[in-house]
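> Before I ask anything, let me first share the structure, which is written out below as structure tokens.
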Amino acid sequence: MKDNRIPFQKYACRQEQLATQYNWEYFSKQHQKGKLTAKERIEILFDEGSFEEIDAFVKPAGNITTNVYGDGVICGHGKINGRKVFAFAQDFTFMGGSLGAVHADKIMKVQDMAHSMGHPIIGLIDSGGARIQEGIASLAGYAGIFHRNVKSSGVIPQISVILGPAAGGAVYSPALTDFIFMTRQTAYMFVTGPDIVKEVLNEEINSEDLGGASIHSSKSGVANFIYDDEENTLLGVRKLLQYLPSNNVDFPPAPIQDAIAPDNPQKLGIIIPEEANIPYDMIDIIQNIIDKNSFFEISENFAGNIITGLARLQNKVIGIVANQPKVLAGVLDINSAEKGARFVRFCDAFNIPLLVLEDVPGFLPGSDQEHSGIIRRGAKLLYAFSEATIPKITVIVRKAYGGAYIVMNSKNMGGDFNFAWPTAEIAVMGPEGAVKILYRKELAQSKNAEELKAQLITDYKENIANPYIADEKGYVDEVIAPANTRPKLISAFDALENKFMEKSAKKHGNIPL
Ligand code: HXC
Numbered sequence: 007m008k009d010n011r012i013p014f015q016k017y018a019c020r021q022e023q024l025a026t027q028y029n030w031e032y033f034s035k036q037h038q039k040g041k042l043t044a045k046e047r048i049e050i051l052f053d054e055g056s057f058e059e060i061d062a063f064v065k066p067a068g069n070i071t072t073n074v075y076g077d078g079v080i081c082g083h084g085k086i087n088g089r090k091v092f093a094f095a096q097d098f099t100f101m102g103g104s105l106g107a108v109h110a111d112k113i114m115k116v117q118d119m120a121h122s123m124g125h126p127i128i129g130l131i132d133s134g135g136a137r138i139q140e141g142i143a144s145l146a147g148y149a150g151i152f153h154r155n156v157k158s159s160g161v162i163p164q165i166s167v168i169l170g171p172a173a174g175g176a177v178y179s180p181a182l183t184d185f186i187f188m189t190r191q192t193a194y195m196f197v198t199g200p201d202i203v204k205e206v207l208n209e210e211i212n213s214e215d216l217g218g219a220s221i222h223s224s225k226s227g228v229a230n231f232i233y234d235d236e237e238n239t240l241l242g243v244r245k246l247l248q249y250l251p252s253n254n255v256d257f258p259p260a261p262i263q264d265a266i267a268p269d270n271p272q273k274l275g276i277i278i279p280e281e282a283n284i285p286y287d288m289i290d291i292i293q294n295i296i297d298k299n300s301f302f303e304i305s306e307n308f309a310g311n312i313i314t315g316l317a318r319l320q321n322k323v324i325g326i327v328a329n330q331p332k333v334l335a336g337v338l339d340i341n342s343a344e345k346g347a348r349f350v351r352f353c354d355a356f357n358i359p360l361l362v363l364e365d366v367p368g369f370l371p372g373s374d375q376e377h378s379g380i381i382r383r384g385a386k387l388l389y390a391f392s393e394a395t396i397p398k399i400t401v402i403v404r405k406a407y408g409g410a411y412i413v414m415n416s417k418n419m420g421g422d423f424n425f426a427w428p429t430a431e432i433a434v435m436g437p438e439g440a441v442k443i444l445y446r447k448e449l450a451q452s453k454n455a456e457e458l459k460a461q462l463i464t465d466y467k468e469n470i471a472n473p474y475i476a477d478e479k480g481y482v483d484e485v486i487a488p489a490n491t492r493p494k495l496i497s498a499f500d501a502l503e504n505k506f507m508e509k510s511a512k513k514h515g516n517i518p519l
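If you want the working numbering, it's the 1-based position in the sequence shown plus 6.
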């Protein structure tokens, strides 16, 4: 492992002074914890030799005397996959990576540069939070960083990588960015740590169980990506950037290799089981539509009943939102609605066209969902799809019932192209429920109730829940053969290339947060 105290720009006249900065004890402490130093992280993240450090020789503010330069954070810019990216990397070996006034000034400077020059920014977080010795100046520093996070939201992609502690209010800068990466075992995020939890609630919990990567990627949904070690976490960031434009008026980069179509489009015709209640894996459908090996799933371990991810279709980046029948039958609930809504808004902000693959039986019923706010939280997905002006295409592959049908980018909500497979069932509710309501009396009086019910269900599927009825009325644009899905989508996204929607003059809407 290399020492990370020598700034990237080496000024000959400073070399002597720099020699006094080494403190091997601190580096080995970092390595013993299974963590890399800030400089090592930067080296993995950026294309070799491309990183240019700025403000390498600043010193902490106020009464803190040290012969170490940089105030605990490396800031600068370099190239990732050949494209310019700004970054800051907190150095835990200097005062625990804590944020004082100068440390904050350095971060704000690269935030401003990234914003005005239109490049993504990545924060590598490993910090004990606000520097206690600097008091209010540290808090003001955080406030300035948060303010810039918000200003840059929707202008440049902002990515946070948590590689150590992120405690207290310090969690809110990552929370304001577009994506959060975490490393298992060594990264944790919480507003109040285990000691305060014990003091206030008398609850014993360790850092990992309170705010480790596993918890945040599966339970809270705070982290979008987790990896076993730092190297893979940083390589994950590089991979994500392959799909993202540099800013809101740019377009995603060309692929590293040319599109390879899935082997056998006929496979799409055999994924959906005969029986409507049998689950299947929506990922199989996705993989048989998009370019080979191009799917990059986001928030994979959280709210698995909805899938969100980036992919390429004939080389062009698209965002995918899909119901997952394998998890909770693909129902919409509070977590899946929020996960979907956030992703739709990200795609909309950064000109990434959306593909919706729909198989949704409805909203999850129950007091737990109602009391947790399925009304206001479900409305977020509705709002997000409706306000998005990017190209939006839906393919209904099986169920599309009730309110959930409307939410999932239906035609009247602004879907640009809405297709259905012959297996689609589009109706106010599923056949079982509908028949029970419509024919209660008849079923109660019938001597062959089961037989009658089966017949009524068949009639309902044929005459009401049938995609050709939606097609006749124009609620779907075309019923397509599953094997034709890829060429149909390529053609439809092509047609949408010049989509233009005038924005209204309002300041901003009031999304139900
Ligand atoms: C100044 C700090 C510091 C801090 C750590 N250090 N946190 N110095 N301000 N906030 C210093 C330690 O004194 C120590 O210095 C060195 O960093 C390494 O810390 P250790 O405790 O030895 O490391 P470790 O055992 O790994 O524990 C890491 C830690 C712990 C869990 C992060 O240091 C800790 O709990 N720190 C305080 C966290 C916190 O409460 N921060 C304030 C949150 S409130 P020496 O010289 O001994 O090596 C906040 C408000 C933000 O951030 C407001 C925004 C709105």
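Quick reminder that beta carbons are idealized off the backbone N, C-alpha and C, glycines included.
In this structure, does DSSP put Lys90 in helix, strand or coil?
The residue you call residue 90 lines up with position 84 of the sequence shown. Correct three-state label for Lys90: strand.
> Going by beta carbon distance, what residues of the same chain come within less than 8 Å of Asn254, once the five residues before and after it are set aside?
Walking along the sequence shown from the start, residue 254 turns up at place 248. So the list reads Gly160, Val161, Ile162, Ala355, Phe356 and Asn357, once near-sequence residues are dropped.
> At a cut of 8 Å, does the region 171-189 reach the region 201-208 through at least three beta carbon pairs?
They do not touch, by the three-pair rule.
> List in chain order: all unbroken beta strand (DSSP E) runs of 3+ residues lying wholly within the region 85-147.
Counting only runs of 3 or more, we get 89-96 and 127-133.
> Over what stretch of residues does the beta strand (DSSP E) that includes Phe302 continue unbroken?
Counted from its first residue, the sequence shown places residue 302 at position 296. Residues Phe302 to Ile304.
> Excluding the 5 residues flanking Tyr17 on each side, which residues of the same chain have their C-beta closer than 6 Å to its C-beta?
On the sequence shown, residue 17 is found 11 positions in, with the first residue counted as 1. Since pLDDT at Tyr17 reaches only 42, below the 50 mark, its modelled position is unreliable, and the value read off the structure follows with that caveat. Nothing meets the Cβ criterion.
> State yes or no: is the C-beta of Gln139 nearer than 8 Å to some heavy atom of the ligand HXC?
The residue labelled residue 139 in the question sits at position 133 within the sequence shown. The answer is yes for Gln139.
> Confirm, please, whether the CB-CB distance from Leu338 to Val366 is below 9 Å.
For the purposes of this step, residue 366 is taken as residue 360 along the sequence shown, with counting starting at 1. For the purposes of this step, residue 338 is taken as residue 332 along the sequence shown, with counting starting at 1. Against a cut-off of 9 Å, the Cβ pair of Leu338 and Val366 comes out as a contact.
> Taking the CB atoms as reference points, tell me whether Thr395 and Phe349 lie closer together than 9 Å.
On the sequence shown, position 389 is the one that residue 395 refers to. On the sequence shown, position 343 is the one that residue 349 refers to. Their beta carbons are not under 9 Å apart, which means Thr395 does not touch Phe349 by this criterion.
> Output needed for Gly420: all residues of its chain with C-beta closer than 8 Å, excluding positions within five of it in sequence on either side, in chain order.
Position 414 of the sequence shown holds residue 420. Counting only Cβ-Cβ distances below 8 Å, and skipping sequence neighbours, we find Phe391, Ser392, Ala394 and Lys398.
> I'd like to confirm something about Pro518: is its beta-carbon nearer than 8 Å to some heavy atom of the ligand HXC, or not?
Within the sequence shown, residue 518 is the residue found at index 512, counting from 1. Answer for Pro518: no, Cβ out of range of the ligand HXC.
> Determine, using beta carbons only, whether Gln375 and Ile340 come nearer to each other than 9 Å.
Here residue 375 is taken as the residue at index 369 of the sequence shown, counted from 1. Here residue 340 is taken as the residue at index 334 of the sequence shown, counted from 1. Cβ atoms of Gln375 and Ile340: closer than 9 Å.
> Here's a check: name, in chain order, each residue in its chain whose Cβ is nearer than 6 Å to the Cβ of Cys19, leaving out the five neighbours to either side.
In the sequence shown, counting from the first residue as 1, residue 19 sits at position 13. Bear in mind that a pLDDT of 41 at Cys19, under 50, signals an unreliable position, so the model cannot answer this.
> Tell me which residues share the same chain as Trp427 and place their Cβ nearer than 6 Å to its Cβ, disregarding the 5 neighbours each side in the sequence.
Stepping through the sequence shown from its first residue, residue 427 is reached at position 421. Hits under 6 Å: Val403 and Pro488.
> Excluding sequence positions up to five away, which residues of its chain have a Cβ less than 8 Å from the Cβ of Asp215?
On the sequence shown, residue 215 is found 209 positions in, with the first residue counted as 1. These residues qualify, in order along the chain: Ile221.
> Which runs of the beta strand (DSSP E) spanning at least 3 residues fall entirely within the region 311-340, listed in chain order?
DSSP runs (the beta strand (DSSP E)) wholly in the region 311-340: 312-319 and 322-329.
> Could you check if Gln15 is buried or exposed, using at least 16 other CB atoms within 10 Å of its CB as the buried criterion?
As a working mapping, residue 15 is identified with position 9 in the sequence shown. For Gln15, the predicted structure reports a pLDDT of 46, less than 50, and the residue's modelled location is therefore unreliable. A value from the coordinates is still provided. It is exposed - the Cβ of Gln15 has fewer than 16 other Cβ atoms within 10 Å.
> For the ligand HXC, any of its heavy atoms closer than 8 Å to the Cβ of Leu216?
Counted from its first residue, the sequence shown places residue 216 at position 210. No, since every heavy atom of the ligand HXC falls outside the 8 Å radius drawn around the Cβ of Leu216.
> Taking 8 Å as the cut-off, does the CB of Pro488 come closer than this to any heavy atom belonging to the ligand HXC?
Counting from 1 along the sequence shown, the entry for residue 488 is found at position 482. Answer for Pro488: no, Cβ out of range of the ligand HXC.
> Using CA coordinates, which residue listed in Ala149, Phe63, Glu438 and Glu344 is at the minimum distance from Ala309?
Within the sequence shown, residue 309 is the residue found at index 303, counting from 1. Closest by alpha carbon: Glu344.
> Check whether the Cβ of Pro171 sits closer than 8 Å to any heavy atom of the ligand HXC, and report yes or no.
Here residue 171 is taken as the residue at index 165 of the sequence shown, counted from 1. Yes, since a heavy atom of the ligand HXC falls inside the 8 Å radius drawn around the Cβ of Pro171.
> What I want to know is whether the C-beta of Phe152 ends up closer than 8 Å to one or more non-hydrogen atoms of the ligand HXC.
The residue given as residue 152 occupies position 146 in the sequence shown. For the ligand HXC, at least one heavy atom lies less than 8 Å from the Cβ of Phe152.
> Are Ile127 and Ser104 touching if we call contact CB-CB under 9 Å?
On the sequence shown, residue 127 is found 121 positions in, with the first residue counted as 1. On the sequence shown, residue 104 is found 98 positions in, with the first residue counted as 1. Not a contact, by the Cβ cut-off of 9 Å.
> Hey, is Met101 close to the ligand HXC, as in C-beta under 8 Å from one of its heavy atoms?
Within the sequence shown, numbered from 1, the residue matching residue 101 stands at position 95. Checking every heavy atom of the ligand HXC against the Cβ of Met101, one is found closer than 8 Å.
> Whole angstroms are fine: how far does the CA of Val333 sit from the CA of Leu360?
Within the sequence shown, numbered from 1, the residue matching residue 360 stands at position 354. Within the sequence shown, numbered from 1, the residue matching residue 333 stands at position 327. Distance between the alpha carbons of Leu360 and Val333 is about 22 Å.
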